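Visitor: Numbering (our numbering), first residue to last: 2 to 442.
Note that CB positions come from ideal geometry on N, CA and C, so glycine has one too.
Please read all numbers here as calculations on a predicted model, not as lab measurements.
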């Protein structure tokens, strides 16, 4: 885990994102007592608060504190060992990881983040939740917190006088709640019967009807927790769904939304007697699950610099977008441990599955790693389709921002764009297909 953080640091340095520059604290908004009191006036029965922070895997970890500790937490923070951020996905520490400054398991501070306190509607108890960020005891940012890594990675991009508009999409499977060792998908029914629908029925409303109560509870919970859920679709594989989030002008907040959406889906699924699985490839022979990121850049006048307003071509893309895509392409191989952070992640990367195999790009083409969607000039963007749903959104966004900055400042050439409708034959696999190989890059 620690060597992965070091790899991220080396990646950011190599892509011109200097880690010795001051962290832009204006991007971290700490919640105050006014926000707490406003929340308690609306939810006066709240008696416990879950204080949550993402670990290096993008898993929210933390603790519950009682009512009597709310005020001190909002004023001073709450102590917690920073090592919790370095657990593996099982909550364990690897024996071969050099813990360095974490020997003795020292405490750090968790500070509450503004606009993230919310009720937990899937619990029977009157418990709320809030996102937090780790700082050191002297108040400086703790760089093992992936949220702080993203803030740092965005600083050079902002120094170009640009603003990012981003959105994420997440795919997942619904799993039957059972004691069986092998997980079983929760399938919708064949319309008009009680028989399970095992075939492909992409984008079928009936699949959503069979889970209407579940999806409606997700929608309501997203509203309660200020998570801007938009489109829901049943995916190519039965039991698989995709939920999109509305774009926002703060990549850090967009990642907050993504990590909260995963928690909401899992929590509501448990309430409905199911589980939700965001593994990259939980089942063989059917589609894996991705985390897709849409990214566009705007100047200080609010003009989308990825669009060429004077072009009559389709797509009307600018040199800035070409360079941004070039930066993403040239850094993609090195960033694969972030996009595919687990051994299972690489099982998703197979031909014919709309999963990335090489750092190619194209217009209105889902077989490429970097897709330029159909849009008007104001919404011209790149869709980064490489990461699996198991990836940490903050770290994924960090290396995307670093890659775009690198491409724009170094004027990287993305190579030839794959045209709309073009069949990719005999595609050469150039991205790492094994975890061990990716870590050695």
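1. So residue 243 is in the beta strand (DSSP E); what residue range does that whole segment cover?
2. In terms of residues, what are the limits of the beta strand (DSSP E) holding residue 299?
3. Given this structure, state the Cα-to-Cα distance separating residue 337 from residue 292, to the nearest angstrom.
4. Does the segment 268 to 280 come into contact with the segment 173 to 185, if we say contact requires no fewer than three beta-carbon pairs (one atom in each stretch) closer than 8 Å?
5. Just the C-alpha distance for residue 331 and residue 367, rounded to the nearest angstrom, thanks.
6. Spatial neighbours of residue 415 within its chain, please: CB distance less than 6 Å, with the 5 preceding and 5 following residues excluded, ordered by chain position.
7. By DSSP, does residue 402 sit in helix, in strand, or in coil?
8. Secondary structure at residue 115, three-state DSSP: helix, strand or coil?
9. Measure the CB-CB distance between residue 333 and residue 369 and report whether it falls below 8 Å.
10. For residue 123, which of helix, strand or coil comes out of DSSP?
11. Taking the alpha carbon of residue 80 as the point to measure from, which residue in 108, 245, 320 has its own alpha carbon closest?
12. What would DSSP say about residue 89, mapped onto helix, strand or coil?
13. Reducing DSSP to helix, strand and coil, say where residue 130 ends up.
14. Drop a sphere of 10 angstroms on the beta-carbon of residue 358, count the other beta-carbons inside from all chains shown, and report buried for 16 or more, exposed for fewer.
15. Roughly how many angstroms separate the alpha carbons of residue 255 and residue 74, rounded to a whole number?
16. Classify residue 46: buried if its beta carbon has 16 or more other beta carbons within 10 angstroms, exposed otherwise.
17. Can you give the beta carbon distance from residue 136 to residue 110, rounded, assuming they're within the 8 Å contact cut?
18. Rounded C-beta distance between residue 147 and residue 393? I'm assuming under 8 Å.
19. What's the C-alpha gap between residue 315 and residue 183?
20. Determine the closest residue to residue 219 out of 260, 267, 197, with distance taken between C-alpha atoms.
21. CB-CB under 8 Å to residue 199, same chain, minus the five flanking residues each way: which ones, in chain order?
22. Check whether the segment 281 to 289 touches the segment 346 to 356, counting contact only when three or more Cβ pairs, one atom from each stretch, lie closer than 8 Å.
23. With distance defined between alpha-carbon atoms, name the residue in 391, 120, 397 nearest to residue 385.
24. Output the distance between the C-alpha atoms of residue 60 and residue 150, rounded to the nearest integer angstrom.
25. Could you tell me the distance, in whole angstroms, from the CA atom of residue 402 to the CA atom of residue 155?
26. Under 8 Å between the Cβ atoms of residue 130 and residue 53?
27. What three-state label does DSSP hand residue 174 in the structure shown?
28. Quick one: what does DSSP say residue 227 is sitting in, helix, strand or coil?
29. Taking C-alpha atoms, which residue in 172, 430, 419, 353 lies nearest to residue 371?
30. To the nearest angstrom, how far is the alpha carbon of residue 463 from that of residue 55?
31. Is it buried or exposed, residue 242, if we count other Cβ atoms within 10 angstroms and call 16 or more buried?
Guide: Inspection of the coordinates gives the following:
1. 241 to 246
2. 292 to 299
3. 13 Å
4. yes
5. 20 Å
6. 323, 326, 327, 330, 362
7. helix
8. coil
9. no
10. coil
11. 108
12. coil
13. strand
14. buried
15. 25 Å
16. exposed
17. 5 Å
18. 6 Å
19. 48 Å
20. 267
21. 188, 239
22. yes
23. 397
24. 15 Å
25. 6 Å
26. yes
27. strand
28. coil
29. 419
30. The structure shown does not extend to residue 463, since the chain is modelled only from 2 to 442, so the question has no answer here.
31. buried
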